[in-house]
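Peer 1:
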Amino acid sequence: MTAVVVAGTDTGIGKTVFSAGLVQALGAQYWKPVQSGIEEETDSQIVARLSGVTPLSEGYLLQLPASPHLSAEAEGAVIDPDRLELPPMQDPLVVEGAGGLMVPLNRDMLYLDLFARWRAPVILCARTQLGTINHTLLSLKALHDAGCDVVGVAFIGDAEPEVEETIQQFGKVPHLGRLPMMENLGGAPDFGGERSALPGGRSGAVRPEGRTGCATLAEVFVQNINLDLIREAL
Ligand SMILES: Nc1ncnc2c1ncn2[C@@H]1O[C@H](COP(=O)(O)OP(=O)(O)OP(=O)(O)O)[C@@H](O)[C@H]1O
Ligand SMILES: [Mg+2]
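All you need for this note's numbering is the position in the sequence shown, starting with 1, plus 1.
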């Protein structure tokens with residue numbers, strides 16, 4: 002298996018930023034099967050900006066920023082999961098879901114069902130903020146019940162060691178690390194638009210409050226995420 006799914010406990014928790022870091026760290030390709038909402042920067046555009054890697058084309062590019070089934074219906078369409086088969090790849094492929102796991106693709110199928118059908122390993126991205134224990138454990142149970150192979154949980158946000166440890170203990174899955182909140186994600190690519198597994202050069206400092214001032218996403222990612230466990234799953 003060369004594909005790894007980046008799923009999340011909810012929308013807006015940092016799957017796209019995590020995916021951009023993972024793409025660089027693995028020298029991987031990126032695919033967003035269903036993009037709902039195109040008025041703002043799409044996830045593929047964000048990954049391209051942050052990583053310099055050109056993503057594969059989306060399976061569905063839908064205008065309405067809503068659940069995929071509703072975005073499709075607004076255009077008189079129905080998402081056909083047969084059009085969302087994983088593309089055969091030589092390189093590793095990072096595939097980002099949409100929202101949380103139980104987001105409907107159509108009236109019969111959830112994103113979770115598609116992950117199970119693909120039989121691809123899943124990384125679950127989770128916040129460290131209050132409420133994450135419940136959301137993360139429910140998501141892990143859903144993945145387990147669907148028969149998905151979970152690589153582990155990757156946390157995003159400020160450190161909450163006791164919370165992270167509790168999730169690991171009850172969830173019985175590896176802790177893949179924690180991506181801190183960074184300040185420099187808004188502008189130009191981290192490094193001159195070239196495709197590269199690991200940019201060299203600039204070194205960054207993590208400030209006391211955990212915000213990363215000048216380190217690149219790729220640097221912060223490899224410092225904080227357990228890539229060996231992810232590589233083993235591919
Ligand atoms: N590590 C981080 N440091 C700083 N900002 C972050 C980080 N991770 C995510 N963000 C910010 O949080 C917001 C949501 O992140 P992101 O788009 O990655 O979420 P998502 O889970 O992919 O959302 P969606 O469900 O819409 O795909 C964005 O503004 C992003 O820049
Ligand atoms: Mg996203």
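Where a beta carbon is used, it is the ideal one built from N, C-alpha and C, also for glycine.
Along the chain, which unbroken stretches of the alpha helix (DSSP H) at least 4 residues long are found entirely within the region 82-106?
Peer 2: DSSP runs (the alpha helix (DSSP H)) wholly in the region 82-106: none.
Peer 1: Touching or not, the region 133-148 and the region 159-168, by the rule of three or more beta carbon pairs under 8 Å?
Peer 2: yes
Peer 1: Using three-state DSSP, classify S58 as helix, strand or coil.
Peer 2: The count along the sequence shown starts at 1 and reaches residue 58 at position 57. Residue state, collapsed to three classes: coil.
Peer 1: State the start and end residues of the unbroken alpha helix (DSSP H) segment that holds G172.
Peer 2: Taking the first residue of the sequence shown as 1, we reach residue 172 at position 171. Here the alpha helix (DSSP H) through G172 covers 162-172.
Peer 1: In chain order, what residues of the same chain have a beta carbon less than 7 Å from the beta carbon of V79, not counting five sequence neighbours either side?
Peer 2: The residue labelled residue 79 in the question sits at position 78 within the sequence shown. These residues qualify, in order along the chain: A73, N107.
Peer 1: Is the CB-CB distance between S37 and L57 below 8 Å?
Peer 2: As a position in the sequence shown, residue 37 is number 36, starting the count at 1. As a position in the sequence shown, residue 57 is number 56, starting the count at 1. No.
Peer 1: Let me make sure I understand the geometry here. Which of G15, V5, G98 has the alpha-carbon closest to that of D159?
Peer 2: Position 158 of the sequence shown, counted from the start, is the residue given in the question as residue 159. It is G15 whose Cα lies nearest to the Cα of D159.
Peer 1: Counting along the chain, where does the alpha helix (DSSP H) carrying I47 start and finish?
Peer 2: The residue you call residue 47 lines up with position 46 of the sequence shown. Where I47 is concerned, the enclosing alpha helix (DSSP H) stretches over 44-52.
Peer 1: Determine the DSSP secondary structure at I231, reduced to helix, strand or coil.
Peer 2: Taking the sequence shown and counting its residues from 1, one reaches residue 231 at position 230. I231: helix per DSSP, three-state reduction.
Peer 1: Just to confirm before moving on: does the CB-CB distance between V221 and M183 stay below 8 Å?
Peer 2: By 1-based counting over the sequence shown, the position of residue 221 is 220. By 1-based counting over the sequence shown, the position of residue 183 is 182. For V221 and M183, yes; Cβs fall inside 8 Å.
Peer 1: Can you find a C-beta in chain C that's less than 8 Å from the C-beta of V5?
Peer 2: No chain C is part of this structure, which consists of one protein chain only.
Peer 1: So, using beta-carbon positions, are V174 and A234 closer together than 8 Å?
Peer 2: As a first step, residue 174 is located in the sequence shown; it is residue number 173 there, counting from the start. As a first step, residue 234 is located in the sequence shown; it is residue number 233 there, counting from the start. Taking 8 Å as the Cβ cut-off, V174 and A234 do not qualify as a contacting pair.
Peer 1: Would T3 and L62 qualify as a contact pair, given that the criterion is a beta-carbon distance under 8 Å?
Peer 2: As a first step, residue 3 must be located in the sequence shown, where it is residue number 2. As a first step, residue 62 must be located in the sequence shown, where it is residue number 61. No, these two residues do not count as a Cβ contact at 8 Å.
Peer 1: May I ask whether a heavy atom of ligand 2 can be found less than 7 Å away from the beta carbon of K16?
Peer 2: Here residue 16 corresponds to residue number 15 of the sequence shown, with the count starting at 1. At least one heavy atom of ligand 2 is nearer than 7 Å to the Cβ of K16, so yes.
Peer 1: Select from I157, D83, E40, D109 the residue whose C-alpha is nearest the C-alpha of I124.
Peer 2: On the sequence shown, residue 124 is found 123 positions in, with the first residue counted as 1. Answer by Cα proximity: I157.
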